[in-house]
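Residue numbers (my numbering): 82 to 355.
Backbone N, C-alpha and C fix where the C-beta goes; we use that ideal spot for every residue, glycine too.
Data block below; observations after.
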């Protein structure tokens with residue numbers, strides 16, 4: 082996994098509970114969000130004698146297909162977790178379990194639309210697999226719901242200045258934007274007090290939905306949030322892996338499983354959804 086905290090902490094917990102219930106022993110390797118670290122961690126796990134691998138490498142849809150080749154050449158049962166490789170990559174033949182983040186974004190946009198918010202901006206990172214899925218889902222969702230896609234505001238990530246991000250949100254509000262979807266919770270919580278200090282009220286002036294629902298309930302006000310089924314992803318990945326390990330002689334069909342996020346409605350949107 083790329084990190085043991087925040088989002089992937091729940092994925093790991095779901096996998097740990099599922100493995101324990103099946104009598105399997107889970108070993109955790111943390112590789113950080115550096116692509117070069119993925120293979121090093123995998124090689125260390127292989128040397129330790131693991132029988133199967135749950136793999137969440139630092140891939141993005143912008144990668145070249147050959148970037149994923151090594152994962153498809155691993156000589157043991159492997160399940161990709163919250164990742165989908167390029168269709169023409171050998172890794173596309175691996176089992177995978179992921180959240181349908183495009184559906185999650187559509188759920189958020191549909192809720193805002195039901196509150197008659199017609200100008201929804203997206204604040205998002207651009208350096209992770211999930212961020213790319215959220216960005217793509219925003220464009221798809223706006224088209225499906227007849228909303229105008231606003232220019233994406235790059236989020237607070239490691240190379241962004243939260244004050245500058247807040248300035249862009251304020252300018253968007255002045256231009257008619259009446260709601261914003263922020264990926265992820267941490268960035269949303271960092272931005273809220275800055276916006277408040279500049280006189281922008283949530284939800285009176287701007288409806289806000291965050292993405293991930295890890296810390297969203299701790300916002301002021303508590304944030305409505307898209308909640309990917311993080312524990313469910315971990316549990317389903319273990320189930321797929323154990324099934325693959327048990328079927329080495331008569332292998333089951335490869336499965337690409339997507340689980341649907343839900344929307345947890347709190348105070349940051351205001352109004353009553355239709």
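Candidates the options: closest to residue i by CA position
i	options	result
residue 83	332, 208, 303	208
residue 328	153, 119, 88, 159	159
residue 253	272, 244, 213, 200	200
residue 285	155, 266, 351, 246	351
Residue i versus residue j - alpha carbon distance
i	j	result
residue 313	residue 333	21 Å
residue 99	residue 322	11 Å
residue 255	residue 89	36 Å
residue 294	residue 315	16 Å
residue 274	residue 342	27 Å
residue 94	residue 101	11 Å
residue 355	residue 196	Only weak support exists for where residue 355 lies, its pLDDT of 48 falling under 50; the coordinates are left without a value.
residue 121	residue 135	15 Å
residue 320	residue 326	10 Å
residue 113	residue 92	15 Å
residue 152	residue 110	16 Å
residue 175	residue 324	13 Å
residue 270	residue 290	11 Å
Opening and closing residue of the beta strand (DSSP E) in which residue i lies
i	result
residue 263	260-264
residue 179	176-180
residue 205	201-205
residue 106	Neither: residue 106 is in no beta strand (DSSP E) and is coded neither H nor E.
residue 306	305-308
residue 345	343-345
residue 159	159-162
Sequence-distant residues of the same chain with beta carbon closer than 7 Å to residue i, five excluded per side
i	result
residue 226	190, 191, 194
residue 215	182, 186, 205, 264, 292
residue 210	140, 141, 163, 164
residue 217	183
Start and end residues, alpha helix (DSSP H) containing residue i
i	result
residue 211	210-226
residue 323	311-327
residue 251	243-255
residue 370	The chain is shown from 82 up to 355; residue 370 falls before or after that span and cannot be answered.
Beta-carbon contacts of residue i that lie in its chain and below 8 Å, excluding the five residues immediately before and after
i	result
residue 108	126, 129, 131
residue 303	297, 347, 348, 349
residue 97	107, 315
residue 251	276, 279, 281
residue 272	204, 237, 243, 246, 247, 250, 263
residue 335	174, 175, 176
Cβ neighbours of residue i in the same chain (closer than 6 Å, five flanking residues each side left out)
i	result
residue 339	179, 181
residue 150	171
residue 138	119
residue 223	230
residue 337	177
residue 188	344
message: Is it the case that the segment 257-276 contacts the segment 293-309, given that we only count it when at least three CB pairs across the two stretches are under 8 Å?
response: The segment 293-309, when compared against the segment 257-276, does touch it at the 8 Å Cβ threshold.
message: Could you check whether the segment 171-182 touches the segment 219-236, counting it as contact only if at least three pairs of C-beta atoms, one from each stretch, sit closer than 8 Å?
response: Judged by pairs of C-beta atoms under 8 Å, the segment 171-182 does not touch the segment 219-236, as fewer than three such pairs exist.
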